[in-house]
Amino acid sequence: MLKTIEWKNGCLKFLDQTKLPAEEVYQETADFREVAQAIKRLSIRGAPLIGVSAAYALCLGAQEAEKRFPENYFDFLDQVDNTLRHTRPTAVNLFWALDRMREVWSKGKLKGESMQTINLQLIREAQAIENEDREINQAIARLGSQLIQTGETILTHCNAGALACGAWGTALGAIYWASVKDNKKISVLADETRPLLQGARLTTFELLKNRVPTTLICDNMAGFFMAQGKVDRVIVGADRIALNGDVANKIGTYSLAVLAFHHSIPFHVAAPLSTVDDKIFTGEEIPIEERGKEEVICWGERQIAPFEVGVRNPAFDVTPNQLITSIITEKGILYPPFIDKLKKLKKGDG
Ligand code: MRU
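In the working numbering, the protein residues as written are 71 to 420.
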């Protein structure tokens, strides 16, 4: 499994995912601004990994605050937190991780602890977030595998694999576990995922590395294969889940869910509870990131449409809970209606 990020001697080393699969290039930095930029341009991506990386970026900011602005240590931390919160709006894991970090430094402030002590505690918290994510991934993978039968073809969209998390992944975690650990003979149809091609560039790359038989298709081919009876189930990840079970995930997920519903194909969402936003009740409240027009006008380096054309580029869409067969979390597989179960699990008494 490729290591996506590593905290090393006060620096964050991360894999630049925009260069995959052609090159495996790592970047190392002690500057939180570079991590913020990396998250914005999708060098670091995927909801859980964005959360873990933002936590480490906060640690980098705290180191800088101690060295350069000891007088304004807490104000500087506030600014770092604010910069990180403005990188990507949809994946709630970013805000969830930064809230956890804020709790650490706010407590330190109240107790009058030294900057050194607080910085150490921040690193420990970021490491805890990373380690927990690894364990959560395993739990989701193991549970998700139970849904998969030998002989099945599973369709997935975007990349919800090890590259998007600390380890294993969520949707791809379930697929790996079924194939590698539970020895089920399965195959995968991977959507290419326009415009940034996470499915083509990252999902096929990861699956082939793990020797899972994989076929790449363009996004507009899913219906064709479903109508032919070539898809047994769909499993995707999530960026934010509302309490009623509405799910924001990579643009195109909603269309897939509608297609799956029409063809009576089970549609599963695999996600950690950190992706559940217990402050919102429906998907309508989820902020959807709109990205630059150049991502649609260009195919990699190549221009494929006139620059003057109007372009819309929402990075995510919302799948209503009615189209979702189950949500696979680390605490169990949930079936509709989701609201009370998600509330209970988020409260920690599930
Ligand atoms: O824009 P991206 O590549 O960050 O979008 C990623 C996704 O939509 C994933 O499906 C989601 O974050 C879940 S990753 C376990």
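The beta carbon of each residue, even a glycine, is placed where N, CA and C say it ideally should be.
Checklist entry - What is the DSSP secondary structure of Thr88, reduced to helix, strand or coil? => result helix
Checklist entry - Taking the alpha carbon of Arg115 as the point to measure from, which residue in Asn152, Leu164, Gly80 and Arg138 has its own alpha carbon closest? => result Leu164
Checklist entry - For Ile394, which option in Ser334, Cys81 and Ile356 has the closest C-alpha, if you only look at C-alpha atoms? => result Ser334
Checklist entry - Tell me the DSSP bridge mates of Gly231? => result Gly239
Checklist entry - Any idea what DSSP makes of Glu93, helix, strand or coil? => result coil
Checklist entry - Taking one C-beta from the segment 366-382 and one from the segment 336-348 each time, how about it: are there three or more such pairs within less than 8 angstroms? => result no
Item to check | Span of the alpha helix (DSSP H), counted from its first residue to its last, around Glu276 | outcome: Thr274 to Lys279
Checklist entry - In chain order, what residues of the same chain have a beta carbon less than 6 angstroms from the beta carbon of Gly353, not counting five sequence neighbours either side? => result Ala312, Asp316 and Val388
Item to check | Bridge partner(s) assigned by DSSP for Gln373 | outcome: Cys368
Checklist entry - What is the DSSP secondary structure of Asp148, reduced to helix, strand or coil? => result helix
Checklist entry - Any heavy atom of the ligand MRU within a distance shorter than 7 angstroms of the CB on Val306? => result yes
Next on the checklist: Within 8 angstroms, do at least three Cβ pairs link the segment 366-377 to the segment 291-303?
Outcome noted: no
Item to check | Check: Leu112 C-beta below 7 angstroms from any heavy atom of the ligand MG | outcome: In the structure shown, the ligand MG is absent; the only ligands present are the ligand MRU.
Checklist entry - Just to confirm, are Thr223 and Leu259 a CB contact at a threshold of 8 angstroms? => result yes
Checklist entry - Where do the ends of the beta strand (DSSP E) carrying Asn253 lie? => result Where Asn253 is concerned, there is no enclosing beta strand (DSSP E), given that its DSSP letter is neither H nor E.
Next on the checklist: Given a cut-off of 8 angstroms on the beta-carbon distance, is the pair Ala340 and Gly214 in contact?
Outcome noted: yes
Checklist entry - According to DSSP, which residues form a beta bridge with Asp261? => result Ile287
Checklist entry - Taking the alpha-carbon positions, what's the Ile356 to Thr160 distance? => result 7 angstroms
Next on the checklist: So if DSSP puts Leu82 in a beta bridge, which residue, or which two residues, is it bridged to?
Outcome noted: Trp77 and Thr99
Checklist entry - Of the residues Ser113, Glu371, Ile109 and Ile75, which one's Cα is nearest the Cα of Arg204? => result Ile75
Item to check | Option nearest Asp261 by Cα separation, candidates Tyr246, Asp289 and Thr284 | outcome: Asp289
Checklist entry - Does DSSP put Lys413 in a helix, in a strand, or in coil? => result helix
Checklist entry - Distance, Cα to Cα, Asn280 vs Gln149? => result 41 angstroms
Next on the checklist: Buried or exposed for Phe377, going by 16 or more other Cβ atoms inside 10 Å?
Outcome noted: exposed
Checklist entry - To which residues does DSSP link Glu360 through a beta bridge? => result Pro384
Next on the checklist: Tell me the rounded alpha-carbon separation between Asn229 and Leu130.
Outcome noted: 27 angstroms
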